[in-house]
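Peer 1: According to the numbering used here, the sequence shown is numbered sequentially starting from 3. For reference, the structure I am asking about is given below.
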Amino acid sequence: MHAAFVRHDPAGTPIALVLDSPHSGEWYPDDFDHAPPRGLVRQAEDTHVARLWQAAPSLGATLIEARFPRAYIDPNRSLADIDTELLADAWPGPIAPSRKTEQGIGLVWRLARGGTPLYARRLASAEVQARIDRFWRPYHDALDTAVNECHATFGGVWHINCHSMPAVGDALADDPGRERADFVLGDRDGTTCDAALTQRVADAVRAMGYSVAVNDPYKGVEIVRKHGRPHENRHSLQIEIKRTLYMDEHTLDPGAGYARVQSDLARREYSPDQ
Ligand SMILES: [Zn+2]
3 MHAAFVRHDP
13 AGTPIALVLD
23 SPHSGEWYPD
33 DFDHAPPRGL
43 VRQAEDTHVA
53 RLWQAAPSLG
63 ATLIEARFPR
73 AYIDPNRSLA
83 DIDTELLADA
93 WPGPIAPSRK
103 TEQGIGLVWR
113 LARGGTPLYA
123 RRLASAEVQA
133 RIDRFWRPYH
143 DALDTAVNEC
153 HATFGGVWHI
163 NCHSMPAVGD
173 ALADDPGRER
183 ADFVLGDRDG
193 TTCDAALTQR
203 VADAVRAMGY
213 SVAVNDPYKG
223 VEIVRKHGRP
233 HENRHSLQIE
243 IKRTLYMDEH
253 TLDPGAGYAR
263 VQSDLARREY
273 SPDQ
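This is the structure we're talking about:
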């Protein structure tokens, strides 16, 4: 197994669908010397998300799952999203910090959830470069490969970027204190996929009894931006699921709704009339 990812191939007849779960990794590298307790650092994870979508390969989709924690290095950030406040020396490459870096959650996170510093030291640029080479690049290469194979085979590819979100935005979020919808779909304001895909997913999720918001508060970040090129018949949609639907946000243990969410995500078809 690769240190960075697991690729789950279709079990049956392949379809033109690729899923990826970039933030559900639970394997903490030995050199991740975070200062706060592991329990706080793990609040950054999208714990359980790859397992919630685990039926996708049996329906013909390919699922790419990160093994490393996103607080260590975040695959959903660009390589230029560098936080110089975290570095002990000069960064050798281009720097274009996004709003995420201003919030302390850029390519390599400076802050844990709630604003607690993640490290008791600054990181050497070489350490960050090693994380990119060992984890960020292999993850992206695996996803690029799966998406490009699908596009070559079918002439089009539909990609779902799978995430989870806290039920309420914290002080550093764009929506502090506000209760979120059950599902938030992100297509970067209609630019990363055909509008029909966003609509179809929204209809399906509502038909199953969940509330849905689109691009509020999450529009999608680096991965859907990179893979969403509708004019090339490459469609990429981010799906955020509210954690309290299926887990305890503090202990990370599965909750009473876990089986329901998992079985809903395994449904092949839905009827708008049901
Ligand atoms: Zn996520």
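Ideal placement from N, C-alpha and C gives every residue a C-beta, glycine not left out.
1. Distance, Cα to Cα, R72 vs T253?
2. With a CB to CB cut of under 7 Å and the five nearest residues on each side skipped, what residues in its chain are close to A18?
3. Please output, in chain order, the residues near ligand 1 using a CB cut-off of less than 5 Å to any non-hydrogen atom of the ligand.
4. Since I believe D191 is in contact with K221 (beta carbons under 8 Å), could you give me their beta-carbon distance rounded to a whole number of angstroms?
5. Enumerate, from N- to C-terminal direction, the unbroken alpha helix (DSSP H) stretches of 4 or more residues contained entirely within the stretch 80-139.
6. DSSP state of D189, grouped into three classes?
7. Evaluate R270 with the Cβ neighbour count: other Cβ atoms within 10 Å of its Cβ, from every protein chain shown; 16 or more gives buried, anything less gives exposed.
8. Run through DSSP, which three-state label would D275 get?
9. With a floor of 4 residues, list each alpha helix (DSSP H) that falls wholly inside the stretch 11-57, ordered by position along the chain.
10. Taking the alpha-carbon positions, what's the H142 to T118 distance?
11. Shorter than 8 Å from the beta carbon of R190 to some beta carbon of chain C?
12. With DSSP collapsed to three states, give me the class of P168.
13. Grab the span of the beta strand (DSSP E) containing H229 for me, first residue to last.
14. Can you name, in chain order, every residue of its own chain whose Cβ lies under 7 Å from the Cβ of W29, other than the five neighbours on each side?
15. Rounded to the nearest angstrom, what separates V43 and A37 at their Cα positions?
16. Do V216 and L174 have their CB atoms nearer than 8 Å?
17. DSSP state of A215, grouped into three classes?
18. On the CB-based measure, 16 or more other CB atoms within 10 Å of its CB, does H4 come out buried or exposed?
19. Using the rule of at least 16 other Cβ atoms within 10 Å of the residue's Cβ for burial, across every protein chain shown, is G106 buried or exposed?
20. Just reading off the alpha helix (DSSP H) that L199 is part of, what are its end residues?
21. Mark E181 as exposed unless 16 or more other C-beta atoms lie within 10 angstroms of its C-beta, in which case mark it buried.
22. For S26, which residues from the same chain have a beta carbon less than 6 Å from its beta carbon, with the 5 sequence-adjacent residues on both sides left out?
23. Below 8 Å on the Cβ atoms is my contact criterion, and I expect Y248 with V263 to pass it. Report the Cβ-Cβ distance as a whole number of Å.
24. Identify the continuous alpha helix (DSSP H) that holds R262 and give its terminal residues.
25. To which residues does DSSP link N163 through a beta bridge?
26. Helix or strand or just coil, what does DSSP make of R180?
27. Could you give the first and the last residue of the continuous beta strand (DSSP E) run that contains A68?
28. Count the other CB atoms within 10 Å of the CB of Q201; is the residue buried (16 or more) or exposed (fewer)?
29. In angstroms with no decimal places, state the Cα-to-Cα distance between G211 and P59.
Peer 2: Put simply:
1. 18 Å
2. C152, F156, G158, V159, W160
3. H25, D48, H165
4. 6 Å
5. 101-104, 127-133
6. In this structure, D189 counts as coil in the three-state DSSP scheme.
7. exposed
8. For D275, the pLDDT reaches just 46, beneath the cut-off of 50, and the residue's location in the model is therefore unreliable, leaving the point undetermined.
9. 40-43, 51-54
10. H142 and T118 have their alpha carbons spaced roughly 29 Å apart.
11. You won't find chain C in this structure, because it holds only one protein chain.
12. coil
13. Unbroken run through H229 is the alpha helix (DSSP H), 224-229; no beta strand (DSSP E).
14. Annotation for W29: R69, F70 place their beta carbon closer than 7 Å to its own, counting only its chain and skipping 5 residues before and after.
15. 9 Å
16. No, they are not a contact pair.
17. strand
18. exposed
19. buried
20. If you look at L199, you'll find it in the alpha helix (DSSP H) that goes 197-209.
21. exposed
22. Result list for S26: D48, V51, A52, in chain order.
23. 4 Å
24. Annotation: the continuous alpha helix (DSSP H) that includes R262 extends over 260-267.
25. D22, Q240
26. coil
27. 64-68
28. exposed
29. 24 Å
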